[in-house]
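Visitor: Taken in order, these protein sequences are the chains called Y and V. Everything in the first sequence is counted per my numbering, starting at 1414 for the first residue and increasing by one. Everything in the second sequence is counted per my numbering, starting at 2 for the first residue and increasing by one. Ideal placement from N, C-alpha and C gives every residue a C-beta, glycine not left out. Please find one structure pasted underneath; my questions will follow.
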Amino acid sequence: DTEVTQTPKHLVMGMTNKKSLKCEQHMGHRAMYWYKQKAKKPPELMFVYSYEKLSINESVPSRFSPECPNSSLLNLHLHALQPEDSALYLCASSQEELAGGPAYQETQYFGPGTRLLVL
Amino acid sequence: AQKVTQAQTEISVVEKEDVTLDCVYETRDTTYYLFWYKQPPSGELVFLIRRNSFDEQNEISGRYSWNFQKSTSSFNFTITASQVVDSAVYFCALSEAEGNAGNMLTFGGGTRLMVKP
């Protein structure tokens, strides 16, 4: 089963709202990712969690705050967003090699995304 | 630095035609991985194939086939007898093995395929 689920599917929020995006996987993957995708563009990496620790933050503004409560869940907390933050937010997961293991890149499996509109 | 180029931004074909989506990549690593993903209008990226740099054997899966050629740094994707359900954006992606913390993917710009009935 290569399923990653995301909720909600659609979200409309004002610039003063606080909301959260949720992602869940039950494949035993230990790496989870947040991507942002604008229309007609490829996904852009935002954050990577490895073994529930934040390993990569691609210079994302602080109005986006990721959280990994456990190995199956990944949240993205949103606060004081701007209209230009409107996009499709994709979550992905993959197996993760322990440090010192062979250089082996695992396949990322993506969820259906959350379409966010900031008014 | 790694780079993936999908020169075809949009392709339109009529159902049952064969179509090839091009992907050219750049990397300095000797060990790397190439991927193709399909993104239908619903938005989810669907994994199609993964290939490592040491395996140049071409692969066929039903109507899909992939041609990996290291000599030209290309990893092209062919759909035989296209169907309307093949309409989607297709992304080629590269992941380098050396010094690639976090298993990062470099995506091409994507090719939008429209299959008309």
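(1) In chain V, which residues lie less than 9 Å from L1503 (chain Y) when you measure between Cβ atoms?
(2) On a CA-only basis, which of Y:E1519, Y:G1526 and Y:A1500 is nearest L1532 (chain Y)? Give me that one, please.
(3) Out of curiosity, what's the CA-to-CA distance linking G1514 (chain Y) and A98 (chain V)?
(4) Consult DSSP for V1473 (chain Y) and reduce its assignment to one of helix, strand or coil.
(5) Name the chain Y residues whose beta carbon is nearer than 8 Å to that of G110 (chain V)?
(6) Which residues bound the beta strand (DSSP E) around M115 (chain V)?
(7) Check each candidate in V:Q58, V:R29, V:V14 and V:Q70 and name the one with the smallest Cα separation from A82 (chain V).
(8) Which value, in whole angstroms, describes the spacing of the CA atoms of P42 (chain V) and L1489 (chain Y)?
(9) Whole beta strand (DSSP E) runs in the stretch 4-44 of chain V with 3 or more residues, listed along the chain?
(10) Taking DSSP as the reference, what is the three-state secondary structure of P1525 (chain Y)?
(11) I'd like to check one pair, G1524 (chain Y) with T1418 (chain Y): are the Cβ atoms closer than 7 Å?
(12) How would you list, in chain order, the residues of chain Y whose beta-carbon sits under 7 Å from the beta-carbon of F92 (chain V)?
(13) Is there a C-beta anywhere in chain Y that falls below 7 Å from the one on N104 (chain V)?
(14) Nearest-angstrom Cα distance between K39 (chain V) and V47 (chain V)?
(15) Step through the CB atoms of chain V and report whether any lies within less than 7 Å of the CB of F1477 (chain Y).
(16) Kindly indicate which three-state DSSP category E1465 (chain Y) falls into: helix, strand or coil?
Guide: Inspection of the coordinates gives the following:
(1) Ordered by position in chain V, the residues that pass the 9 Å Cβ test against L1503 (chain Y) are G44, E45 and L46.
(2) Proximity to L1532 (chain Y) across Y:E1519, Y:G1526 and Y:A1500 peaks at Y:A1500, based on C-alpha coordinates.
(3) Confidence at G1514 (chain Y) is low in this model, with a pLDDT of 47, below 50, so its placement is unreliable and the value that follows should be read with caution. Annotation: G1514 (chain Y) to A98 (chain V) spans about 11 Å, alpha carbon to alpha carbon.
(4) Look at V1473 (chain Y) here: in three-state DSSP terms it is coil, with no helix or strand label.
(5) Correct list: K1454 and P1455.
(6) Segment T112 to K117, the beta strand (DSSP E) holding M115 (chain V).
(7) Ranking V:Q58, V:R29, V:V14 and V:Q70 by Cα distance to A82 (chain V) puts V:V14 first.
(8) Whole-angstrom Cα-Cα distance: 23 Å.
(9) The stretch 4-44 of chain V contains these whole beta strand (DSSP E) runs: 4-6, 11-15, 20-22, 25-27 and 33-40.
(10) Secondary structure of P1525 (chain Y) (DSSP, three-state): coil.
(11) A contact, by the Cβ cut-off of 7 Å.
(12) Chain order gives the chain Y residues near F92 (chain V) as P1455, where near means a beta carbon separation below 7 Å.
(13) Taking Cβ atoms only, chain Y reaches closer than 7 Å to N104 (chain V), which makes this a yes.
(14) Cα atoms of K39 (chain V) and V47 (chain V): separation of roughly 5 Å, rounded to the nearest angstrom.
(15) With 7 Å as the cut-off, F1477 (chain Y) does not count as an interface residue toward chain V.
(16) DSSP places E1465 (chain Y) in the coil class of the three-state scheme, outside both helix and strand.
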